[in-house]
Amino acid sequence: MDGLMIDSEKVYTDVTNQILGQYGKKMTWDIKAGLMGKPEVAAAEHLLSFFPDIPLTPESYLSQRNALQDTLWPTVPLLPGVRKLILHLKACNIPIAVATGSKRRNFELKTGHLRKVFDCFEGNVVCADDVQYQMRGKPSPDIFLVAARMLGRAVGPVLETCSSDEECERAKGLVFEDGVPGMQAGKRAGMSVIWVPDANLLDVDYTGKERADQILKSIEDFVPEEWGLPPYDS
């Protein structure tokens, strides 16, 4: 969701660098690439592992970060093409869900002013701190499989080997992602992945085996009929 549907990644970057700047440090895109889509604490631990000489714990960093971010979330806009795509999928009765590394509380803060779009998901939203699902964070596939099951798809259990029928059902899923861990998670879930990365991510070294099925500069560039979906009205 962050950096894919809403323009929130700039908030993450600016706030993090405001905190790190107190110690003469800065988050580069090489570092940020490993944070995107991860659960909050795991992302904080990854970030601070690059700065072992500063007196911040994950808890103290997150306390400062969250206080600063909370004032900005209600202002983040949708990214180009998102409103058109989501309203189109809803009008065509295509099952859709949000699978986000954000906590439920933050999801509500980020989307409360964008209800016309996010109400289209009819509550089919999985957040990183939904403890009832006992999910591992991205790049593990758990969150996408939970989202598919939420939509009534027979994709099988998260932590066990799936049957051939369940594997075929998983292959029907189409994931949109902007982060590297999320792209990996979608592929590990057995689904097709459209990757819409920030241009800076394309310059980051990637050694993983997973590869996106399509790379777009923007959701505006998505052509539904290329994926067996109804075309936009002309």
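Just add 521 to wherever you are in the sequence shown, counting from 1, and you've got the working numbering.
Note that CB positions come from ideal geometry on N, CA and C, so glycine has one too.
The structure presented is a predicted model; accordingly, all values stated were derived computationally and were not measured.
The continuous alpha helix (DSSP H) containing L541 extends over residues E530 to L541.
Taking a 10 Å sphere around the C-beta of N614, we find fewer than 16 other C-beta atoms and assign the residue as exposed. Collapsing the DSSP output to three states places S623 in coil.
Here DSSP, grouped into helix, strand and coil, assigns I736 to strand. Beyond the five residues adjoining it in sequence on each side, E690 comes within less than 6 Å, by CB distance, of R674, A675 and V676 in the same chain, given in chain order. By the neighbour-count criterion, in which a residue is buried when 16 or more other Cβ atoms sit within 10 angstroms of its Cβ, V619 is buried. If you look at E688, you'll find it in the alpha helix (DSSP H) that goes S685 to A692. Relative to G694, the option among G700, V667, P702 and S684 whose CA is nearest is V667. Note on geometry: alpha-carbon atoms of T682 and A710 lie some 11 Å from one another. By the C-beta criterion, the region 704-722 is judged to be in contact with the region 730-739, since at least 3 inter-stretch pairs fall below 8 Å. As for any alpha helix (DSSP H) of minimum length 4 sitting wholly inside the region 608-660, the runs are 625-632 and 636-639, ordered along the chain. Within the model, the alpha-carbon separation for I740 versus R586 is close to 28 Å.
Excluding its 5 nearest sequence neighbours in each direction, I552 has C-beta neighbours in its own chain below 6 Å: F571, listed in chain order. Here S713 is bridged, per DSSP, to L695. Setting aside the 5 residues that flank it on each side, L610 is surrounded in the same chain by I617, each with a C-beta closer than 6 Å to its C-beta; the list follows chain order. V744 and H567 have their alpha carbons spaced roughly 36 Å apart.
Within its own chain, the residues whose Cβ lies closer than 6 Å to the Cβ of P598, once the five positions on either side in sequence are excluded, are D528, listed in chain order. S623 sits buried, since 16 or more C-beta atoms from the chains shown fall within 10 Å of its C-beta. M557 and G524 do touch by the CB rule: their CB atoms are close to 7 Å apart, below 8 Å. With fewer than 16 neighbouring CB atoms inside 10 Å of its own CB, L672 falls in the exposed class. D742 is bridged by DSSP to nothing; it lacks a bridge partner. In the displayed model, I527 falls within a strand according to three-state DSSP.
Per DSSP, the beta bridge partners of L599 are I527.
Following the DSSP letters along the chain, one finds W550 inside the alpha helix (DSSP H) bounded by residues W550 to A554. A Cβ-Cβ distance of about 15 Å is found for the pair Y544 and A565, leaving them out of contact under the 8 Å criterion.
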